[in-house]
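So the working numbering is basically just the index in the sequence shown, starting at one, shifted up by 202.
One structure below.
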Amino acid sequence: LIVDGLNLYLRAFAVNGALNDNGVPVGGLTGFLRSLAYAIRETNPTRVIIVYDGAGGSQRRRKLCPDYKSQRKPGKRITRWDAFKNATEEKEAMKIQFSRLIEYLDFLPLNVISIDRIEADDTIAYISHTLLNKDVTIMSSDQDFLQLVNERITVWSPTKKKFYTPRMVMDDYGVPAHNFLMYKVLMGDKSDNIEGVKGLGPKKLPKIVPDLLTQNTLDLDFILEHAGKGEEPMHKRIVESETQLKINEELMDLKNPPISGELKLQITRLIEAPINLLSRNDFIIMYNDDQLGNAIASPDLWLREHFIKLNTLAKQTHE
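Encoded structure:
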């Protein structure tokens, strides 16, 4: 199980306004832990890896696209809780809970990985697609990961409560997973401020580029050549959008993430290093100190239920 850490944390923080017994916001922290436990119950993994963005991870993409994720910059609140008077106060609470969450995760038998200058998407893609030769479930609501889906890699969307297999990608999006990247390149991504071909929608796309539905994995050169021979007005728009589409491909392609050899080696070493062992007492002491109350009904039982098996497997990495 590989978890898109910030994706999960921000969602937990936004929807969970829980306070501890002292009136301190703890919803992001407890929501994350409970969601993680739910994912472990659903996937029964032999290992858990949580990945976060590294410092400066988006710089390369922002050079290509200055507006990349610009709508996510601070300024507006993401919650409606009375506990926060303004965006600054909310942001501070978000940072405090996140830092505390990392301390909790240090007591659990899992890996936490964050590499400077690399976004979590790229790290997750490299680990799952290239580094590990075993079945992987990626936990994220980010559609970009669907391009990685195959017989070995599944994407669990916690917002849709769906496990995306190749068949599920086809059912929901109308294109096979091996061509999902080109689907995204042509459609763009409003959530990341990435423009697609104007006027091109998901229903129209297979009619304009029918080869997307075949077993062949298409690349952008093929699509541009196909559009250049087409007679539809939308074919012309695709050709006219060539520069933007090439930028989109570079922004979105997770099968070839922009990671240097040195950083790939760093990721490999972290994956091969011994996994943290479970520290039940430390976790429970911190839980009680933070006065988290009934956020987890019985912390000791919760730890046993979700992490004993993982701890047993983690011990093998120390031998």
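Think of the CB as a built atom: it goes at the ideal place given N, C-alpha and C, for glycine as much as any other residue.
Nothing here was measured: the structure is a model prediction, and the numbers come from that model.
Rounded C-alpha distance that separates residue i from residue j
{"i": "D346", "j": "L503", "result": "36 Å"}
{"i": "E292", "j": "R279", "result": "7 Å"}
{"i": "N209", "j": "A241", "result": "14 Å"}
{"i": "A475", "j": "V250", "result": "13 Å"}
{"i": "H508", "j": "D492", "result": "21 Å"}
{"i": "F365", "j": "M341", "result": "9 Å"}
{"i": "P459", "j": "L407", "result": "26 Å"}
{"i": "I396", "j": "L303", "result": "31 Å"}
{"i": "L422", "j": "L334", "result": "27 Å"}
{"i": "F234", "j": "S359", "result": "14 Å"}
{"i": "E464", "j": "Y328", "result": "13 Å"}
{"i": "A429", "j": "P368", "result": "26 Å"}
{"i": "T332", "j": "F424", "result": "25 Å"}
{"i": "Y385", "j": "D391", "result": "10 Å"}
{"i": "P501", "j": "D373", "result": "39 Å"}
{"i": "T325", "j": "T339", "result": "14 Å"}
{"i": "S301", "j": "V226", "result": "15 Å"}
{"i": "H437", "j": "M488", "result": "60 Å"}
{"i": "F485", "j": "F309", "result": "6 Å"}
{"i": "A516", "j": "R482", "result": "15 Å"}
{"i": "A239", "j": "I473", "result": "21 Å"}
{"i": "I440", "j": "L467", "result": "38 Å"}
{"i": "T245", "j": "S237", "result": "12 Å"}
{"i": "N288", "j": "K409", "result": "48 Å"}
{"i": "Q299", "j": "G432", "result": "54 Å"}
{"i": "R506", "j": "L494", "result": "18 Å"}
{"i": "K400", "j": "H380", "result": "23 Å"}
{"i": "L420", "j": "K297", "result": "42 Å"}
{"i": "L480", "j": "L402", "result": "50 Å"}
{"i": "G258", "j": "S462", "result": "15 Å"}
{"i": "V371", "j": "S330", "result": "18 Å"}
{"i": "E521", "j": "W283", "result": "47 Å"}
Spatially closest choice to residue i from the options, by CA coordinates
{"i": "Y306", "options": "T232, S359, I473, V250", "result": "T232"}
{"i": "V205", "options": "V371, P247, E474", "result": "P247"}
{"i": "E321", "options": "G256, V357, N288", "result": "G256"}
{"i": "A497", "options": "I410, P435, T361, N222", "result": "N222"}
{"i": "V351", "options": "N335, F382, I329", "result": "F382"}
{"i": "Y375", "options": "L515, L453, P404", "result": "P404"}
{"i": "A216", "options": "G225, N224, G230, F309", "result": "G230"}
{"i": "D394", "options": "N218, H380, D323", "result": "D323"}
{"i": "V411", "options": "E434, K400, V228", "result": "E434"}
{"i": "A285", "options": "R236, V253, N224", "result": "N224"}
{"i": "L453", "options": "H437, Q299, L479, G398", "result": "G398"}
{"i": "G219", "options": "G258, Y254, P378, A295", "result": "A295"}
{"i": "K540", "options": "L402, L515, A516, R213", "result": "Outside the displayed span of the chain (203 to 521) sits residue 540, for which this structure offers no information."}
{"i": "V228", "options": "Y211, R243, I486", "result": "Y211"}
{"i": "K336", "options": "R482, H520, L203", "result": "L203"}
{"i": "L456", "options": "G258, L238, V387", "result": "V387"}
{"i": "N513", "options": "I487, F485, N478, E521", "result": "N478"}
{"i": "D344", "options": "G207, G401, L467, A239", "result": "G207"}
{"i": "N450", "options": "N313, K466, M389", "result": "M389"}
{"i": "R471", "options": "T519, K511, V441", "result": "T519"}
{"i": "P378", "options": "Q349, K431, G401, I473", "result": "Q349"}
{"i": "V253", "options": "I469, R236, L494", "result": "I469"}
{"i": "I510", "options": "N490, L312, E521, R439", "result": "L312"}
Counterpart residues of residue i in DSSP-defined beta bridges
{"i": "T356", "result": "T339"}
{"i": "Y254", "result": "S316"}
{"i": "P227", "result": "L221"}
{"i": "D391", "result": "I396"}
{"i": "D206", "result": "V253"}
{"i": "F382", "result": "Beta-bridge pairing links F382 to no other residue."}
{"i": "Y366", "result": "V357"}
Min CB distance residue i to chain B below 7 Å
{"i": "L420", "result": "Looking at the structure shown, chain B is missing, and only one protein chain is on hand."}
#### Entry: Minimum length 4: unbroken alpha helix (DSSP H) runs contained in the stretch 413-488
Listed in chain order, the complete alpha helix (DSSP H) runs (minimum 4 residues) inside the stretch 413-488 are 422-431, 435-442, 444-454, 463-474.
#### Entry: At least three beta-carbon pairs within less than 8 Å, the stretch 405-416 to the stretch 441-452
The stretch 405-416, when compared against the stretch 441-452, does not touch it at the 8 Å Cβ threshold.
### Query
How about the stretch 304-318 and the stretch 345-362: do they share at least three Cβ pairs that are nearer than 8 Å?
Verdict: no, contact absent.
### Segments of 4+ residues assigned as alpha helix (DSSP H) that fall wholly inside the stretch 284-326
Segments of the alpha helix (DSSP H) lying fully in the stretch 284-326: 289-307.
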